[in-house]
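Per this note's numbering, the very first residue in the sequence shown carries number 34; after that it's consecutive.
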Amino acid sequence: MRVLSGIQPTGRFHWGNYFGAIRQYIELQDEHEGYYFIANLHALTTIRDAERLRQLTLDAAIDLLALGLDPHKATLFVQSDVPQVTQLTWILMTCTPMGLLERCHAYKEKKERGLTADAGLFTYPVLMAADILAYDSNLVPVGQDQVQHIEVCRDLANSFNHHFGKAFVLPEARILSSAAKVPGTDGEKMSKSYNNTIEIFEDPKAQRKKIMRIQTDSRPMDQPKDPETDHLFQLFRLMATEEETQEMADLYRRGGFGYGQVKQALADAAERFFAEPRARRAELEKHPDTVRDILDAGATRARETAAEVLERVEQACGIAPSRVAAAKR
Ligand code: ADP
Ligand code: TRP
Numbered sequence: 034m035r036v037l038s039g040i041q042p043t044g045r046f047h048w049g050n051y052f053g054a055i056r057q058y059i060e061l062q063d064e065h066e067g068y069y070f071i072a073n074l075h076a077l078t079t080i081r082d083a084e085r086l087r088q089l090t091l092d093a094a095i096d097l098l099a100l101g102l103d104p105h106k107a108t109l110f111v112q113s114d115v116p117q118v119t120q121l122t123w124i125l126m127t128c129t130p131m132g133l134l135e136r137c138h139a140y141k142e143k144k145e146r147g148l149t150a151d152a153g154l155f156t157y158p159v160l161m162a163a164d165i166l167a168y169d170s171n172l173v174p175v176g177q178d179q180v181q182h183i184e185v186c187r188d189l190a191n192s193f194n195h196h197f198g199k200a201f202v203l204p205e206a207r208i209l210s211s212a213a214k215v216p217g218t219d220g221e222k223m224s225k226s227y228n229n230t231i232e233i234f235e236d237p238k239a240q241r242k243k244i245m246r247i248q249t250d251s252r253p254m255d256q257p258k259d260p261e262t263d264h265l266f267q268l269f270r271l272m273a274t275e276e277e278t279q280e281m282a283d284l285y286r287r288g289g290f291g292y293g294q295v296k297q298a299l300a301d302a303a304e305r306f307f308a309e310p311r312a313r314r315a316e317l318e319k320h321p322d323t324v325r326d327i328l329d330a331g332a333t334r335a336r337e338t339a340a341e342v343l344e345r346v347e348q349a350c351g352i353a354p355s356r357v358a359a360a361k362r
């Protein structure tokens, strides 16, 4: 089984990214062949500062390695290092109905907010489909918000297969129900675009302050509360042991506690949970060239796989490369 996922370097990773997506990459790398990449081409739709994008791309790689992605087990690379993906994007674009893209949420939301979208944002799901299909991926671990894009990918693959014979493998999304939509500091979905994130590797003191400012309801101290409907509890559960979670749930049901107490417990749990990755990150940061070597080796492997798939697709639709072009690859 081949597993693939991508993550945009549009900011530092937050708890939603970790529990919804990155944790799955790491769990799956032992049993399956993993391809994980940093989606810098997608990030170009929002970041227009070369130095910042370069730095965020490197930071993303360091974060993933620090969190446990093992380059001996999985292939880690940068999206733009595999040009076959953008070639495949064009081919897929010719099978993409406009209406399908008009319904995609990233574009739709921007338009509804009255902002002008560019063709990059509009065709974003096609590039994402190419990312997935270029490696014959079977499984795509993501958070809930990406499911629509994987459906689009399946639609495009089906449409191409229907016209030209079976060239693409159909992928499936993999969602963790326990963390499909991790809440942010305002209780809504945690997201860089909503300014409600808690970053994984934020300075511990700043992180604790942020946690203390998480919005809560105005329930009186003595009243019991259902833990299942409370976003502080949802966050605590992700990082605490089973025993701690049970104790906290009992406390909620009994009542007579303050949210400040829960927030301190959450900050402690987060500090413990990410202590090892934090130490690994500090080490990796001192060796950026080692990280770049890992990305180069990953890109070489990824290009080999993508070139094979692209060749098959080009044969299928009648644009098989000339011998000169084939020799260049
Ligand atoms: P953001 O919404 O902050 O821009 P991205 O779109 O870059 O995050 O998401 C990267 C990955 O993390 C995707 O697989 C996405 O589904 C997952 N993810 C992002 N936010 C959350 C969240 N709050 N809960 C669960 N998964 C999430
Ligand atoms: N669009 C995804 C996100 O914002 C990132 C991404 C790009 C991706 N290509 C992908 C995810 C391919 C899974 C598979 O999170």
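Note that the Cβ used here is the ideal one computed from N, Cα and C, for glycine as well. This structure is a prediction, so every number in the text was calculated from the model and none was measured.
Taking Arg-187 as the centre and dropping the five residues before and after it, the same chain places the C-beta of Leu-203 closer than 6 Å to its C-beta, in chain order. Sorting Ala-339, Thr-274 and Ile-244 by C-alpha distance to the C-alpha of Val-295 places Ile-244 at the top. The C-beta of Leu-189 has 16 or more other C-beta atoms within 10 Å across all chains shown, which makes the residue buried. In the three-state DSSP reduction, Ser-38 falls in the strand class (E or B). In this structure, the C-beta of Val-295 stays at least 6 Å away from each heavy atom of the ligand ADP.
DSSP places His-47 within a strand segment (E or B) once states are collapsed to three. In this structure Asn-73 touches Gln-112 by the C-beta definition: roughly 5 Å separates them, less than 8 Å. If you check the CB distance, Ile-247 and Thr-218 come in under 7 Å. Boundaries of the beta strand (DSSP E) around Ile-71: 66–71. Residue pairing by DSSP places Leu-109 opposite Tyr-69 in a beta bridge.
Secondary-structure assignment with DSSP links Arg-56 through no beta bridge to anything.
At a Cβ-Cβ threshold of 7 Å, Phe-306 and Met-272 count as neighbours. Counting the other Cβ atoms within 10 Å of the Cβ of Ile-40 gives 16 or more, which makes it buried. Burial check for Met-223: the Cβ neighbour count within 10 Å reaches 16 or more, so the residue is buried. Remark: the shortest separation between the CB of Met-161 and any heavy atom of the ligand TRP falls under 6 Å.
Judged by DSSP in its simplified three-state form, Val-295 adopts helix. Residue pairing by DSSP leaves Arg-270 without any beta bridge partner. Going by DSSP, Arg-81 is part of no alpha helix (DSSP H) at all; its letter is neither H nor E.
Annotated three-state conformation of Pro-204 is coil, per DSSP.
Where Leu-125 is concerned, the enclosing alpha helix (DSSP H) starts and stops at 116–126.
Annotation: the continuous beta strand (DSSP E) that includes Leu-172 extends over 172–174. Between Leu-172 and Val-342, the gap from beta carbon to beta carbon reaches 7 Å or more.
Taking a 10 Å sphere around the C-beta of Ala-152, we find fewer than 16 other C-beta atoms and assign the residue as exposed. CA-to-CA, the gap between Ala-200 and Ala-99 works out to about 37 Å. The beta carbon of His-105 sits closer than 8 Å to no other beta carbon from its chain once the five residues preceding and following it are set aside. Non-local C-beta neighbours of Cys-350 in its own chain, meaning closer than 6 Å and more than five positions away in sequence, comprise Phe-197, ordered along the chain. At a cut-off of 6 Å, the beta-carbon of Lys-214 counts as near the ligand ADP: some heavy atom of the ligand is closer than that.
Under the criterion of beta carbons closer than 8 Å, Tyr-69 and Ala-107 qualify as touching, at roughly 6 Å.
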